[in-house]
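Since the structure comes first, as structure tokens, the remarks are kept for the end.
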Amino acid sequence: MSSLLETKIAARQHALREQGLLRQRKVLSVEHALNTNASTSSPRFVFEGRAYVNFSSNDYLGLSRAPELVEALHLGAQTYGVGSGASPLVTGYSDAHLALERELCDLTGHEAALLFCSGFSANTALMKTLFDQHDIVVADKLVHASIIDGLQDSGAQLKRFLHNSLESAERLLARNQTSALITESVFSMDGDCAPISELSALCRQHHTWLIVDDAHGFAVLDGYNNADAAKLIDVQVVTFGKALGCQGAAVLGSQALIDFLVSNAREYIYSTALSPANAALALAATQYSTAHPELQQKLLENIALFKQLCREANVPLLGSDTAIQPLIIGDARQSLQVAEELRAAGIWVGAIRPPTVPVGSARLRITLTAAHAAEDITACVAQLAQVLSRVVVPLVTERQAADDHR
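So in numbering that gives the first Met the number 0, spot 13 of the sequence shown is number 12, and the numbers just go up one at a time.
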């Protein structure tokens, strides 16, 4: 006889499979990519013996394959070893961590920084440490799951404003004694940008902190990666696993905030610190991205090319101007079918389904990088148009998608 947990697991997995929502890992090899000239070839990997062009990566500047950063990681490991060996409050906090924190503060204008091993842990630690049942927090309807999870753990009262709606945010701020307003700089599933300057002005008017999850904007989005960021944003969460191409994250803010988190954030106190080698790598990646603005320019050119080709091929996008280019299909199974047909042509695109996105808004999430070659972008759009012409799907228009957010 099966135990209660075995029965629950089997039933849940069966239901997810029937709905087209079952998630499974795929073992990928980078052998092909490492044997290719990274400066002239689009990002690729091998799955089950076949090479694919990767249009699913958040490595927006292509830094994960940069030879200079491979060398930086090697040097970091030679200098510090491969692990930190302890939590930051024991013996896990080194001069490599301090140097990275200082560089991030110099870049953004914040007083202090605190490093975490991932963006998810940074967000959840910040939310559940900073807030409690006495706080009212307002957040954009589409903020990341890590923010929602952290706020739920905190016990704070959460009120959500309509996506990117200043009017909705202002109504909530006016009606409540709010501790903070939370948004993202670039929204990870839609690729659109928050009106940070306007939200900052609203928060100042209502004496409320503005907290920005800058995971998908840091190092690629103009305006918030310089010393003026701290003038607009009270707390900025940045990650190193997107545009910087490596690992880890940081919470940036006032010295008082960071001291408070050091004393109270359980994820920080009881976790082994980010390895010094990875801290040294993130520092090198931050400096490299700042010294090579041509990478951001190349990314913008690739985004513009992709959008132009999609317009010419009548492929309906959401209107994003960032590296994240969603194509909403609606049905989860049909989204998987389109993604699988693209893979048959050697193009790997992510099919995003509920609960990551709302029911009825399953989509392809196509991501561009500075490393993509023009011919591969052209091939991607051509194959996408062909697949969509064969698969009858209720494609969601930009206007319809905007209405859904309201």
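No residue lacks a Cβ here, since even glycine has one placed at the ideal position from N, Cα and C.
Contact belief for A249 with A112 at Cβ below 8 Å, rounded distance in angstroms: On the sequence shown, position 250 is the one that residue 249 refers to. On the sequence shown, position 113 is the one that residue 112 refers to. The Cβ separation is near 5 Å, so the contact holds.
Determine the DSSP secondary structure at V261, reduced to helix, strand or coil. As a first step, residue 261 is located in the sequence shown; it is residue number 262 there, counting from the start. In the structure shown, V261 sits in a helix (DSSP, three-state: H, G or I).
Which same chain residues end up closer than 8 Å to L317 when comparing Cβ atoms and leaving out the 5 residues on each side of it in sequence? The count along the sequence shown starts at 1 and reaches residue 317 at position 318. For L317, where only same-chain residues beyond five positions count, the Cβ hits under 8 Å are D189, G190, D191, Q324, P325, L326, I327, E397 and A400.
Nonlocal neighbours in the same chain, by C-beta distance under 6 Å from T123, ignoring five residues either side: Residue mapping note: residue 123 aligns to position 124 of the sequence shown, counting from 1. Cβ within range, chain order: S145, D148 and G149.
Could you tell me whether the segment 261-268 touches the segment 235-245, using the rule of 3 or more Cβ pairs below 8 Å? no
Residue interval of the beta strand (DSSP E) (run including A344): Mapped onto the sequence shown, residue 344 falls at position 345. Premise fails: A344 is in no beta strand (DSSP E) and is neither H nor E.
Closer than 8 Å is the cut-off here; do at least three beta carbon pairs connect the segment 36-55 with the segment 363-377? yes
Beta bridge counterpart(s) of T90 as assigned by DSSP: In the sequence shown, residue 90 corresponds to position 91, counting from 1. Its beta-bridge partners do not exist; DSSP assigns none.
Where does H13 land, buried or exposed, given buried means 16+ other C-beta within 10 angstroms? Along the sequence shown, read from residue 1 onward, the residue named residue 13 stands at position 14. Exposed, since its Cβ has fewer than 16 Cβ neighbours within 10 Å.
According to DSSP, I147 sits in a beta bridge with which residue or residues? Walking along the sequence shown from the start, residue 147 turns up at place 148. Answer is none; I147 lacks a bridge partner.
Since F44 and V348 should fall inside the 8 Å C-beta cutoff, what is the C-beta to C-beta distance between them, to a whole number of angstroms? The residue given as residue 44 occupies position 45 in the sequence shown. The residue given as residue 348 occupies position 349 in the sequence shown. So it is not a contact: roughly 13 Å between Cβ atoms.
Spatial neighbours of S164 within its chain, please: C-beta separation below 6 Å, excluding the five flanking residues on both sides. Here residue 164 refers to the residue found at position 165 of the sequence shown. Correct list: empty, nothing qualifies.
Between L251 and S262, what straight-line distance do the alpha-carbon atoms span, to the nearest angstrom? For the purposes of this step, residue 251 is taken as residue 252 along the sequence shown, with counting starting at 1. For the purposes of this step, residue 262 is taken as residue 263 along the sequence shown, with counting starting at 1. The alpha-carbon atoms of L251 and S262 are separated by roughly 16 Å.
Given a threshold of 16 other Cβ atoms within 10 Å of its Cβ, counted over all protein chains shown, does T207 qualify as buried or as exposed? The residue given as residue 207 occupies position 208 in the sequence shown. Its Cβ being crowded by 16 or more others within 10 Å, T207 is buried.
CB-CB under 7 Å to V380, same chain, minus the five flanking residues each way: which ones, in chain order? On the sequence shown, position 381 is the one that residue 380 refers to. Taken in chain order, the residues that qualify are F305, L308, C309, A312 and V314.
E47 lies in the alpha helix (DSSP H); which residues open and close that run? Your numbering for residue 47 matches position 48 in the sequence shown. Taken as a continuous stretch (DSSP letters only), E47 belongs to no alpha helix (DSSP H), as it is neither H nor E.
Would you kindly report the start and end of the unbroken beta strand (DSSP E) that includes R364? Taking the first residue of the sequence shown as position 1, residue 364 is located at position 365. That run of the beta strand (DSSP E) goes A361 to T366.
So what does DSSP say about R332, is it helix, strand or coil? Residue 332 sits at position 333 when you count from the first residue of the sequence shown. In this structure, R332 counts as helix in the three-state DSSP scheme.
Give me the Cβ distance between T107 and Q235, rounded to the nearest whole Å; I'm assuming they're in contact under 8 Å. Walking along the sequence shown from the start, residue 107 turns up at place 108. Walking along the sequence shown from the start, residue 235 turns up at place 236. That pair is a contact at about 6 Å.
Whole-angstrom C-beta distance between T321 and R56, which should lie under 8 Å: Here residue 56 is taken as the residue at index 57 of the sequence shown, counted from 1. Here residue 321 is taken as the residue at index 322 of the sequence shown, counted from 1. Correcting the residue type first, residue 56 is Ser in the shown sequence and not Arg. Rounded, the Cβ-Cβ distance is 14 Å, inconsistent with contact.
Suppose contacts are defined by Cβ-Cβ distances below 8 Å. Is A218 in contact with S288 by that definition? The count along the sequence shown starts at 1 and reaches residue 218 at position 219. The count along the sequence shown starts at 1 and reaches residue 288 at position 289. Cβ atoms of A218 and S288: closer than 8 Å.
C-beta atoms of F160 and V185 nearer than 8 Å: Along the sequence shown, read from residue 1 onward, the residue named residue 160 stands at position 161. Along the sequence shown, read from residue 1 onward, the residue named residue 185 stands at position 186. Not a contact, by the Cβ cut-off of 8 Å.
Excluding the 5 residues flanking L68 on each side, which residues of the same chain have their C-beta closer than 8 Å to its C-beta? Translated into positions along the sequence shown, residue 68 becomes position 69. Correct list, in chain order: L62, G244, C245, L280, A283, A284 and Y287.
Are G91 and A85 touching if we call contact CB-CB under 8 Å? Along the sequence shown, one-based indexing puts residue 91 at 92. Along the sequence shown, one-based indexing puts residue 85 at 86. Yes, they are a contact pair.
In the DSSP assignment, find the alpha helix (DSSP H) that holds V380 and state where it starts and stops. Working through the sequence shown from its first residue, we reach residue 380 at position 381. From DSSP, the alpha helix (DSSP H) with V380 extends over A373 to R389.
Report the CB separation of G118 from T238 in whole angstroms; it is logged as a contact under 8 Å. The count along the sequence shown starts at 1 and reaches residue 118 at position 119. The count along the sequence shown starts at 1 and reaches residue 238 at position 239. Going by Cβ atoms, the distance from G118 to T238 rounds to 4 Å, so yes, they are a contact pair.
L72 burial status per 10 Å Cβ neighbour count (16 or more: buried): Residue 72 sits at position 73 when you count from the first residue of the sequence shown. With 16 or more Cβ atoms within 10 Å of its Cβ, L72 is classed as buried.
Would the beta-carbon of P275 fall within 8 Å of that of A95? Numbered from its first residue, the sequence shown carries residue 275 at position 276. Numbered from its first residue, the sequence shown carries residue 95 at position 96. Contact: yes.
Return the CA-CA distance between E183 and A9, expressed in angstroms with no decimal places. The residue given as residue 183 occupies position 184 in the sequence shown. The residue given as residue 9 occupies position 10 in the sequence shown. Whole-angstrom Cα-Cα distance: 36 Å.
Please confirm whether L231 and S196 have their CB atoms less than 8 Å apart. Within the sequence shown, residue 231 is the residue found at index 232, counting from 1. Within the sequence shown, residue 196 is the residue found at index 197, counting from 1. Taking 8 Å as the Cβ cut-off, L231 and S196 qualify as a contacting pair.
Let me know the secondary structure DSSP gives S196 once reduced to three states. Position 197 of the sequence shown, counted from the first residue, corresponds to residue 196. It is helical.
Let me know the beta strand (DSSP E) ranges lying completely inside the segment 248-304, each 3 residues or longer, listed in chain order. 248-252
State buried or exposed for A272, treating a residue as buried only when at least 16 other CB atoms are found within 10 Å of its CB. Residue numbering aside, residue 272 sits at position 273 when the sequence shown is read from its first letter. Buried, because 16 or more other Cβ atoms sit within 10 Å of the Cβ of A272.
When you compare only the Cα positions, how much space is there between G359 and E339? Locating residue 359 in the sequence shown gives position 360, where the first residue counts as 1. Locating residue 339 in the sequence shown gives position 340, where the first residue counts as 1. Distance between the alpha carbons of G359 and E339: 19 Å.
Write down the C-beta distance between F130 and A155 rounded to the nearest angstrom, noting that I regard them as a contact closer than 8 Å. Numbered from 1 along the sequence shown, position 131 holds the residue referred to as residue 130. Numbered from 1 along the sequence shown, position 156 holds the residue referred to as residue 155. At roughly 4 Å, the Cβ-Cβ gap stays under 8 Å, so F130 and A155 are in contact.
Considering only DSSP beta bridges, list what A406 is partnered with. Nothing about residue 406 can be reported from this structure: the residues present for the chain run from 0 to 405 only.
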